[in-house]
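Beneath this line is the structure, given in structure tokens, with notes to follow.
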RNA sequence: GCCGGAGUAGCUCAGCUGGCAGAGCAACUCACUUGUAAUGAGUAGGCCGUGGGUUCGAGUCCCACCUCCGGCUCCA
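Structure representation (structure tokens):
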């Protein structure tokens with residue numbers, strides 16, 4: 069048995085320690101200051117409580133109160149902050165039951181079962197109590213006990229949620245204690261509360277126990293903590309700035325769309341919003357044509373029998389808009405696929421027709437639950453840039469690859485960085501496991517072949533097949549599903565799709581469902597936030613605004629506007645040039661041309677959004693704009709000059 | 001759907017323990033004809049989310065509903 073061991077420090081030097089030494093022992097061996105400031109040890113890359121033993125040969129890194137932006141260092145600080153919150157709540161609200169309290173991306177939360185509901189106003193009082201704890205100071209100690217002991221302990225304390233957690237916890241049971249508060253917790257935690265220099269409660273929400281809406285709804289208190297007040301201030305400042313990018317705010321300011329309670333979740337698109345929509349539509353049409361898609365149009369309203377056949381009735385009836393008629397019930401389509409499948413099934417198909425790629429961007433209606441609506445990102449009218457690819461088994465991988473390649477092209481065009489997620493068979497799936505092994509495998513190999521990194525969401529697939537989703541974050545960091553590529557091995561048979569193969573036998577095609585923007589609504593919402601409303605030239609609702617300096621320059625300004633084959637406006641308001649420049653800036657118009665006595669076709673005063681100015685000839689300006697919108701209709705150099 | 005907040009002019013927001021509904025911006029009119037982020041003066045603009053209740057009197061207090069916001073759940 070070895071009585072000593074070695075660990076490797078970040079500078080590759082070795083540190084000799086007694087066998088079984090902890091991270092804190094390592095810190096002490098290096099220096100007392102380090103031991104005091106240490107908050108966490110990273111052992112072979114994994115965050116570990118300072119109190120736990122290191123293993124021989126491990127590469128370690130000690131994180132301290134100076135690692136103020138390290139995610140692991142922030143997590144441990146916030147996890148300990150959550151425990152302080154629980155201690156305060158237990159003291160202030162006798163009879164409260166505690167559930168769980170983990171660190172999260174920008175802070176932490178703790179879930180409680182309060183005997184009486186609390187309101188947001190209570191947060192001040194709770195926060196003051198935590199501040200008092202911080203002023204007093206708290207130190208954490210860790211203890212490992214048996215499962216039975218832990219259960220007995222939490223039963224005695226009247227903490228049913230903790231008892232349940234002990235029952236389902238894996239591995240050893242550990243407790244962390246600070247002051248008179250002891251919590252079931254895997255850790256890691258700080259040594260003491262001194263590093264918590266900034267603590268703030270940020271919100272109150274309902275949250276279901278174990279994330280299951282059939283179980284009791286608990287009260288979740290959100291908070292955040294930092295190693296310095298300046299970091300907290302900077303975080304709050306960033307949040308404030310993010311709100312300025314919010315598409316709901318910009319949509320109104322830039323006159324793109326609005327929402328009205330007369331039709332919740334259904335945007336009214338204004339002329340300027342429609343310019344963006346139509347540019348995306350033109351892009352969709354152009355690229356689909358280039359990639360072998362054909363356009364179709366299928367009905368908006370179908371007898372409910374169709375949805376029973378497709379399998380949607382059973383799962384989504386509650387979310388469909390129904391139209392009762394005398395002896396029928398109709399439903400407005402919530403998706404295009406059954407319509408496309410009926411279209412495919414209308415004729416006897418040959419394998420020579422495959423792959424057959426049907427595209428349609430029809431409005432879909434989904435009666436989403438009231439509390440889920442959100443600006444353009446969660447709506448009741450969803451216009452997907454949809455397509456269904458009917459193909460034979462051996463064509464699947466190439467077609468999936470093609471969709472991913474197409475998606476990559478589109479997202480690169482907007483400089484969007486989507487994260488790819490593969491979702492696998494859900495509990496309520498149709499079809500056999502063998503079928504799913506095959507379809508999931510096909511998606512994986514296409515992702516690998518395209519060289520895309522992805523995460524896996526087990527059990528998140530559609531009921532008819534696995535899918536690859538592209539996710540984007542909004543200005544406040546919320547993740548939204550954008551594009552999706554789904555492989556369906558179930559619906560085509562249910563809806564009677566067949567083709568005759570080279571073997572002269574009938575086969576059922578596979579169908580790839582794909583939408584790459586996802587929906588026009590959500591995509592425009594995310595684009596608005598991505599560009600903070602300053603759309604690139606080719607998308608901008610107004611591309612150029614011409615400002616005649618005085619009344620006498622108006623004719624010349626109009627003349628110039630007419631010779632720029634773009635979306636150009638002349639601002640004739642009786643305002644000063646300064647005021648009109650300001651208006652154009654606020655409206656985030658890409659280019660402003662000021663036209664006065666000094667200007668001519670040889671010399672134009674061109675200002676870009678943001679303030680950069682240059683003098684260009686008309687030809688020079690047109691050349692510049694042409695590079696920014698190479699494919700814009702009517703803007704081809706050959707049509708002008 | 002659930003928990004917590006909010007709804008006042010087109011927009012952003014004031015309006016105290018119940019006592020005549022306000023400001024800035026935008027709009028409109030007039031004057032100015034302007035040189036790169038706000039010229040000046042004036043005018044108009046309100047079912048105080050909707051319905052009910054309490055009160056001599058309700059934007060303000062109570063109840064219900066609608067919508068929005070932050071979460072949870074859901075998301076074909």
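Residue numbers (our numbering): 69 to 709. Just so you know, even glycine gets a beta-carbon here, dropped at the ideal spot from N, CA and C.
- In the three-state reduction of the DSSP assignment, residue 199 falls in the helix class, which pools H, G and I.
- Boundaries for residue 295: no alpha helix (DSSP H) harbours it, and the DSSP string shows neither H nor E there.
- The alpha helix (DSSP H) runs of length 4 or more contained entirely in the stretch 380-443 are, from start to end of the chain, 380-384 and 405-413.
- Note on residue 698: under 16 other CB atoms within 10 angstroms of its CB, so exposed under the neighbour-count rule.
- The beta carbon of residue 188 is closer than 6 Å to those of 272 in its chain, skipping five residues each way along the sequence.
- In summary, residue 306 is exposed, with fewer than 16 beta-carbon neighbours lying within 10 Å of its beta-carbon over all protein chains present.
- Residue 619 and residue 649 have their C-alpha atoms roughly 16 Å apart.
- Going by C-alpha positions, residue 645 is about 40 Å away from residue 540.
- Counting the other CB atoms within 10 Å of its CB gives residue 158 a total of 16 or more, which places it among the buried residues.
- Rounded to the nearest angstrom, the gap between the Cα atoms of residue 473 and residue 155 is 52 Å.
- DSSP lists 522 and 538 as the beta-bridge partner residues of residue 488.
- Residue 433 holds the alpha-carbon nearest to the alpha-carbon of residue 368 among 433, 304 and 670.
- At the C-beta level, residue 185 and residue 163 stay beyond 7 Å of one another.
- 7 Å or more divides the Cβ of residue 572 from the Cβ of residue 531.
- Exposure of residue 326 is indicated by the presence of fewer than 16 other C-beta atoms within 10 angstroms of its C-beta.
- Annotation: residue 359 to residue 464 spans about 16 Å, alpha carbon to alpha carbon.
- Residue 91 and residue 126 have their C-alpha atoms roughly 11 Å apart.
- According to DSSP, residue 208 shares a beta bridge with no other residue.
- Burial check for residue 661: the Cβ neighbour count within 10 Å reaches 16 or more, so the residue is buried.
- Contact between the stretch 198-207 and the stretch 221-233 is not established, with fewer than three Cβ pairs separated by less than 8 Å.
- Just so you know, the alpha carbons of residue 304 and residue 173 end up roughly 14 Å apart.
- Here residue 682 is bridged, per DSSP, to 674.
- In this structure, the CA atom of residue 545 is about 9 Å from the CA atom of residue 310.
- Check the Cα spacing between residue 142 and each of 89, 123, 179 and 265: the tightest is with 265.
- Taken in chain order, the complete alpha helix (DSSP H) segments of 4 residues or longer contained in the stretch 223-247 are 228-236.
- Shown here, residue 635 sits in coil according to DSSP, grouped into three states, outside any helix or strand.
- For residue 268, the enclosing beta strand (DSSP E) has its first and last residue at 266-276.
- Listed as beta-bridge partners of residue 171 by DSSP are 176.
- Rounded to whole angstroms, the Cβ separation of residue 122 and residue 94 is 6 Å, and the two are in contact under 8 Å.
- Looking at the backbone, the Cα of residue 642 and that of residue 179 are separated by about 59 Å.
- Residue 610 places its beta carbon 7 Å or farther from that of residue 631.
- Assigned with DSSP and collapsed to three states, residue 87 falls in coil, not helix or strand.
- Between residue 290 and residue 283, the C-beta spacing is not below 7 Å.
- Within the stretch 94-170, the runs of alpha helix (DSSP H) at least 4 residues long that lie entirely inside it are, in chain order, 100-105 and 139-160.
- Using a Cβ distance threshold of 7 Å, residue 363 and residue 427 count as a contacting pair.
- Straight-line spacing of the CA atoms in residue 176 and residue 504 works out to 37 Å.
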